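The structure under discussion appears below in the form of structure tokens.
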Amino acid sequence: MITATAVGAGMDEKNTVRAVAIDHKAVLRSPGRAHDGIADFLQWLDEHNISFVLLTTDSLDAEATLKAAGLPAPALHLCRDDIPGRPARGSGAWLLTVADRLKLRTNQIALVGTSEWDWRTGINAGVVHVHARWASHVRDNKGMLTLSADEPADAGELLEHFLLDEPRWAFSHDDTARSLKIRSLLPPNVRFPQAPGRTFELQDVFTRGRTITVGTQDARDILMLRLLSSAYLDGTLPHRSLFCVYPSSSPGQVSQQLAGFLTNAKVLVGSYYREDLLERVTRAPDTSLERVKRNRGQATTADISIAAQARTVRINPKYRGKIKGKTVVIFDDFTTEGTSIEWARTLLASAEVAQVIALTIGKYGSRHTSYQLRPGTAINPFTVNDVTVADFVNTTGTGGAGEGPTESLTTTMNHFVISAQVAEAMASDAALRRPIPAGSRWPMSSCLDMRQEHLAEILTDIQPVYPLAWRAEEFVPEGEDRVTALWWITLPGQAAEQWYDTDEAERLLATICKVAGVIWYPAGDRGEASPD
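For the sequence shown, the working numbering gives the first residue as 5, with consecutive numbering after it.
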């Protein structure tokens with residue numbers, strides 16, 4: 005049975021996830037019993053105006069079934085009978101039906117599943133899939149590679165930091181006439197927080213090959229996932245496309261920072277990674293090193309023109325006849341004026357691919373130079389070509405330029421840094437292991453003293469930087485007549501609030517403020533705020 009609510013007329017214009025389809029086994033542990041944290045997750049979806057779609061194999065009264073478990077009704081419920089042709093799970097038709105019913109594009113949907121068949125459903129529809137590890141553990145015997153979440157709050161974290169922001173690019177360029185799109189995520193000179201008092205730059209990860217840990221996360225993975233998720237929302241990560249990395253300056257090598265991520269991430273929307281699609285046959289000057297030399301004013305005679313690319317890069321001959329009509333997505337770490345991208349486009353266009361999309365982490369400058377072979381000049385895309393710059397007509401222009409998602413990515417990096425620090429501080433916190441203390445409790449109407457007022461102010465002021473939730477209660481311990489306070493705090497990623505006395509709450513907030521770069525000290529022993 006299909007039950008749906010109306011979707012706003014302008015909803016489909018947003019380039020963000022607008023609906024989350026969830027397999028019923030990720031919602032209900034058993035009849036009438038919801039998984040821990042799922043109620044909070046569904047409430048979070050509602051607060052963010054994201055439609056909750058319930059998927060079941062058999063027909064049932066979804067509203068009554070969820071109500072019995074204390075959960076809200078879905079915006080849409082689909083069972084097998086509702087899908088044209090009644091295909092089993094694994095068919096992309098399930099999510100195409102979701103898109104049709106809610107008047108959305110498939111890249112405005114995310115799927116939370118519990119089985120290999122849910123994973124295949126996402127792949128076959130070109131919809132991003134998140135495996136609900138809280139509901140089941142699937143053995144990876146068949147190469148199931150996917151995003152995953154240990155608990156419902158983790159799925160919310162993934163959505164919030166990667167799928168709910170409108171895509172923003174440092175550089176974007178659409179050349180419809182030549183079937184080319186270019187998207188560059190960030191300007192090259194941005195720095196992001198790595199740890200309290202420490203930052204890193206893009207070149208640390210993608211040029212120098214350093215492993216940068218942000219909290220407990222790999223900076224490369226955060227940046228690459230943001231690049232891919234932005235392209236997914238932007239519509240520049242087509243279903244069933246071929247992924248490849250533009251080859252490094254040495255033969256037989258590609259950027260391991262890019263390749264290592266794409267080997268697993270290729271299934272994000274059901275695409276294929278072909279590491280050897282483009283290959284460097286002979287060594288060429290390292291464009292990143294030459295760029296540094298020129299920026300420093302050092303003399304160099306190295307040829308980094310498109311002709312140098314033509315003499316050294318080709319399409320691997322084993323793909324002859326296999327890529328015609330395909331969409332190829334080329335990944336590179338940085339681009340300046342686009343020489344490598346343009347040579348790749350020239351090769352692939354000669355091999356009759358349908359479309360070329362270039363995605364890069366960084367972009368130097370706002371200019372891009374387009375290269376077109378002069379009339380009468382022909383190349384063989386499956387071998388290197390002895391051409392010169394004079395064999396091309398070039399046009400230099402500018403594309404859409406900006407700061408990209410620098411601000412929101414800084415927030416994301418800070419989130420992971422703070423989360424790791426807070427988790428470490430909380431690991432030995434007795435408050436998480438104690439039962440609620442016995443006594444009388446009631447909502448705090450006003451702070452009892454300056455110390456509590458000082459704490460309440462920072463709990464509110466820190467929220468734009470670190471979105472925790474909190475409330476306070478007045479508390480009289482059993483057998484006593486003194487009135488004190490309990491602070492109930494929910495940190496990002498937590499499914500339930502935890503209680504703290506004033507000392508514990510101050511220690512927790514001091515840790516958060518230190519990591520977030522906020523100047524704050526707990527109040528003094530005499531109830532007076534310590535000076536900033």
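Think of the CB as a built atom: it goes at the ideal place given N, C-alpha and C, for glycine as much as any other residue.
For clarity, every value in this text was computed on a predicted model and none was experimentally measured.
How many Å lie between CYS451 and LEU237 at the Cα?
45 Å
Pairwise C-alpha distance: LEU75 and LEU100
26 Å
Burial state of GLU155 (16 or more Cβ within 10 Å):
buried
Could you please give the first and the last residue of the uninterrupted alpha helix (DSSP H) stretch that includes GLN467?
No alpha helix (DSSP H) holds GLN467; DSSP gives it neither H nor E.
Quick check: PHE210 and ILE365, are their CB atoms within less than 7 Å of each other?
yes
Could you tell me the distance, in whole angstroms, from the CA atom of GLU510 to the CA atom of LEU463?
10 Å
Contact check, GLU346 vs TYR375, beta carbons under 7 Å:
yes
Using the C-alpha atoms, what's the distance from THR399 back to LEU2?
With the chain running from 5 to 536 in the structure shown, residue 2 is simply not present.
Using the beta-carbon count (16 or more within 10 Å), is GLN359 buried or exposed?
buried
Excluding five sequence neighbours on each side, which residues of the same chain lie with their C-beta closer than 6 Å to the C-beta of ALA92?
none
Which residues bound the alpha helix (DSSP H) around HIS135?
From DSSP, HIS135 is part of no alpha helix (DSSP H) but of the beta strand (DSSP E) over 132 to 136.
In this structure, how does DSSP classify GLY401 when only helix, strand and coil are distinguished?
strand
When you compare each of LEU82, PHE338, ALA353 to GLY325 by their alpha carbons, which one comes out closest?
ALA353
Which residues in the same chain have their Cβ closer than 8 Å to the Cβ of GLN260, if we skip the five residues on either side of it in sequence?
GLY213
VAL102 in three-state terms, based on DSSP:
helix
In the DSSP assignment, find the beta strand (DSSP E) that holds ALA73 and state where it starts and stops.
Looking at the DSSP string, ALA73 is not in any beta strand (DSSP E), and its letter there is neither H nor E.
In its own chain, which residues sit with a C-beta less than 6 Å from the C-beta of GLY403, not counting the 5 before and 5 after it?
PHE175, SER176, HIS177, HIS372
Tell me where the beta strand (DSSP E) around ALA473 begins and ends.
473 to 481
Residue ranges of each beta strand (DSSP E) within the stretch 442 to 466, 3 or longer
443 to 447
I'd like the list of long-range same chain contacts for GLY12, defined as Cβ closer than 8 Å, with 5 residues on each side in sequence excluded.
For GLY12, the predicted structure reports a pLDDT of 40, less than 50, and the residue's modelled location is therefore unreliable. The matter cannot be settled from this model.
So, with DSSP's three-state summary, where would you put GLY366?
strand
Of all the options ARG445, ILE327, ILE334, which has the alpha carbon lying nearest to the alpha carbon of ARG486?
ARG445
Can you confirm whether ALA520, when its beta carbon is compared against all beta carbons of chain B, has any partner nearer than 7 Å?
The question asks about chain B, but that chain is absent: this structure has only one protein chain.
I'd like the span of the beta strand (DSSP E) that includes ILE127, first residue to last.
Counting along the chain, ILE127 falls outside any beta strand (DSSP E), though it belongs to the alpha helix (DSSP H) covering 120 to 129.
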